[in-house]
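For reference, the structure is listed below as structure tokens.
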Amino acid sequence: MIVGLPKEIKNNENRVALTPGGVFELTKRNHTVYVQSDAGTNSGFPDEKYIDAGATILSTIEEVYAIADMIVKVKEPIEEEYSLAKEGQILFTYFHFASSEKLTEAMIASKSVCIAYETVEGPNRSLPLLTPMSEVAGRMAIQQGAKYLEKPVQGKGILLGGVPGVRPGKILILGGGVVGTQAAKMAAGMGALVTILDINVDRLRYLNDILPNNVITEFSNEYNIREHIKTADLIVGGVLIPGAKAPNLITRDMLKDMQSGTVLVDVAVDQGGCIETTKPTTHENPTYIIDEVVHYCVANMPGAVPYTSTIALTNVTLPYVLQIANKGWERACDENKGLSKGVNIVNGEIILKEISEAFAV
Ligand SMILES: NC(=O)c1ccc[n+]([C@@H]2O[C@H](COP(=O)([O-])OP(=O)(O)OC[C@H]3O[C@@H](n4cnc5c(N)ncnc54)[C@H](O)[C@@H]3O)[C@@H](O)[C@H]2O)c1
């Protein structure tokens with residue numbers, strides 16, 4: 001199969017969909033790989049590494065789309081890319097169709113085969129191609145939170161780990177899923193006092209078993225949240241109700257109960273956020289302040305650490321890329337039901353019913 005690897009052109013997206021190692025796995029199986037010049041540079045992979053792995057470099061995105069049977073990407077195509085996708089061409093990337101009718105219509109019109117990372121399923125209905133980005137964002141939430149607790153950026157002026165004779169920072173984590181667990185691990189390692197709230201008691205039981213003693217688990221309800229926010233230095237939002245908007249666990253009126261300089265990192269911003277005052281921000285302008293509370297709500301946190309994110313993403317996507325390249329998408333999906341859940345739109349027809357429901361088309 002001819003595989004194309006374009007450079008991501010969405011604002012501040014520095015990841016790339018295949019590492020040179022991933023390209024090598026394809027070329028050694030006699031697939032042909034075309035890589036757009038500079039596609040991997042921001043992730044730490046210069047063109048020469050792809051050439052060494054057996055790829056051919058093309059200068060423009062148009063050339064990559066024109067020649068490839070399968071395009072492997074990271075982010076959904078943006079408007080400039082709509083017209084590049086062609087009939088029968090496989091596009092394997094994050095799409096998030098339900099949040100964009102325009103993209104959905106464009107991909108219907110292209111008659112391409114759209115296989116979305118975010119709906120590929122693993123065992124127990126898990127979403128294996130979403131997990132690594134939640135791991136990155138969860139760990140990063142503490143790194144960012146620690147930074148914005150510093151006084152020059154209007155934080156409380158607290159060092160998360162404290163020092164001998166001075167208390168460490170208090171961290172409240174809403175949601176003990178992938179984001180919450182990874183955030184808790186980082187925070188605990190820094191010596192902070194961590195509380196995780198979740199509504200799933202089995203999950204709390206598990207977290208209580210595996211996390212160190214400076215992490216406390218509690219049931220998530222309004223009373224407990226109202227108590228904790230009075231003294232928390234850093235609050236991380238990692239709640240998810242699959243397919244739905246995140247619930248507003250912290251409402252606007254609660255901000256006045258927080259201390260000045262408290263930092264909120266709402267990782268769940270991509271699902272609307274679990275804090276009422278959350279609105280999406282970018283890496284250029286990551287924070288804003290309401291009622292003296294610092295809000296960090298970057299919607300694509302992993303984009304800031306492209307080296308880590310690219311490798312974490314390609315670790316999980318590559319086995320699927322190889323299956324599709326080796327067998328063609330139809331046989332690959334017949335033989336792997338989890339992969340078949342990723343098929344969203346084929347030849348102008350919406351396959352995934354959630355997309356039709358979102359737009360009633
Ligand atoms: N901003 C970013 O760059 C970025 C990156 C990755 C993931 N995310 C987002 O982070 C969010 C969390 O992702 P995840 O992979 O950790 O999800 P997850 O499904 O692993 O975990 C969500 C957890 O929330 C819990 N929960 C549900 N309702 C709750 C409530 N009322 N109170 C407390 N806990 C509750 C669930 O029981 C579950 O344990 C998602 O919205 C995801 O899209 C954002």
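Take 1 as the starting number for the sequence shown in the UniProt record's numbering and just add one per residue.
Cβ coordinates follow ideal geometry from the N, Cα and C atoms, glycine included.
Note that this is a predicted model, so its numbers are computed, not measured.
Backbone secondary structure at residue i - three-state DSSP
i           : result
Met70       : strand
residue 413 : For residue 413 there is no data in the structure shown, the boundaries of the chain being 1 and 361.
Cys333      : helix
Ile248      : For clarity, residue 248 is Asn in the given sequence; the question names Ile instead. In this structure, Asn248 counts as coil in the three-state DSSP scheme.
Leu36       : Contrary to the premise, residue 36 reads as Gln rather than Leu in this sequence. Gln36: strand per DSSP, three-state reduction.
Tyr296      : strand
Asp291      : coil
Contact check, residue i vs residue j, beta carbons under 9 Å
i      : j      : result
Met301 : Ala183 : no
Gly328 : Ala116 : no
Leu149 : Gly169 : yes
Ile173 : Ile229 : no
Leu255 : Ile290 : yes
Asp257 : Arg226 : yes
Ser37  : Asp52  : no
Val16  : Thr310 : yes
Nearest residue (CA-CA) to residue i, options the options
i      : options                           : result
Glu135 : Gly177, Gly348, Ser126 and Asp209 : Gly177
Pro319 : Leu129, Leu255, Thr195 and Gly157 : Leu129
Asn221 : Leu211, Asp233, Asn213 and Asn200 : Asn200
Glu349 : Met133, Gly261, Ala299 and Ala106 : Ala106
Asn248 : Asn42, Lys337 and Gly238          : Gly238
Val35  : Arg15, Val64 and Asn11            : Val64
Thr60  : Asn208, Pro123 and Pro6           : Pro6
Gly155 : Gly261, Val298, Ser340 and Asn14  : Gly261
Leu240 : Lys151, Thr314, Thr131 and Arg252 : Thr131
Leu339 : Gly157, Pro306 and Leu127         : Leu127
Lys151 : Val294, Asp334 and Ile355         : Val294
Rounded separation between residue i and residue j - CA only
i           : j      : result
residue 383 : Ala312 : Look at the range of the chain in this structure, 1 to 361, and you will see that residue 383 is not part of it.
Arg139      : Leu264 : 15 Å
Glu9        : Lys73  : Looking at the sequence shown, residue 9 is not Glu but Ile. Near 10 Å, if we compare the C-alpha coordinates of Lys73 and Ile9.
Ala188      : Gly162 : 12 Å
Ser99       : Arg167 : 43 Å
Thr317      : Leu58  : 23 Å
Arg125      : Tyr94  : 18 Å
Ala102      : Leu160 : Note that residue 102 is Lys in the sequence shown here, rather than Ala. Each residue's Cα considered, the two are about 44 Å apart.
Thr32       : Asp69  : 10 Å
Ala39       : Ala325 : 20 Å
Glu292      : Ala232 : 14 Å
Taking one C-beta from the segment 74-94 and one from the segment 21-31 each time, how about it: are there three or more such pairs within less than 8 Å? no
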